[in-house]
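Here is the structure we will look at, set down as structure tokens.
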Amino acid sequence: MPIPSRAGPPTSDDWLRLHRELVPELFRCVSRRVGADRTLAEDLVQETWLRALETWRKQGLPADPGAWLRTAAFNLTRNHFRRAAPSQLDEHHAGPVDSGAEAARERSALVQRAL
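Letter 61 of the sequence shown, counting from 1, is numbered 621 in our numbering, and no numbers are missing.
Next comes the structure, spelled out in structure tokens:
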């Protein structure tokens, strides 16, 4: 069935048809971006769909609903990983840093052993 192209908010039948036609491909797109984390992919697709519901009720359907959904999902996925990145960095604990003198002694010892 074709995706509705009329102005105004979608009807209940339109929502069901859009969901059936667009969400499976959207899930595949998001899954490729997030890897094996199926729960994360499902959460991002649900959030994308909720945003579509809110926006399309107010503004009507976009010219290409699939493109709108993919763009929104891409942005949500990117934002998810941006927020996750700092916490991952905070958990990393670097080892002690060598002082310049200690590094020089190690290099000197390596040279002496090589000779």
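Ideal Cβ positions, reconstructed from N, Cα and C, are used throughout, including at glycine.
Where residue i falls: helix, strand or coil (DSSP)
i: A664; result: helix
i: A595; result: In the sequence on display, residue 595 carries Gly and not Ala. Of the three classes helix, strand and coil, the one that applies to G595 here is coil, per DSSP.
i: A669; result: helix
i: D624; result: coil
i: T571; result: coil
i: L675; result: coil
Chain B contact for residue i (CB, 8 angstroms cutoff)
i: V594; result: The chain inventory of the structure shown lacks chain B, comprising one protein chain alone.
Same chain, Cβ closer than 8 angstroms to residue i, neighbours up to 5 away in sequence not counted
i: V671; result: none
Neighbourhood of residue i by C-beta, 7 angstroms cutoff - its chain only, sequence neighbours within 5 removed
i: R630; result: L586, C589
i: A633; result: L586, C589, V590, L604, V605, T608
Does the count of Cβ pairs from the region 625-645 and the region 566-582 closer than 8 angstroms reach three? yes
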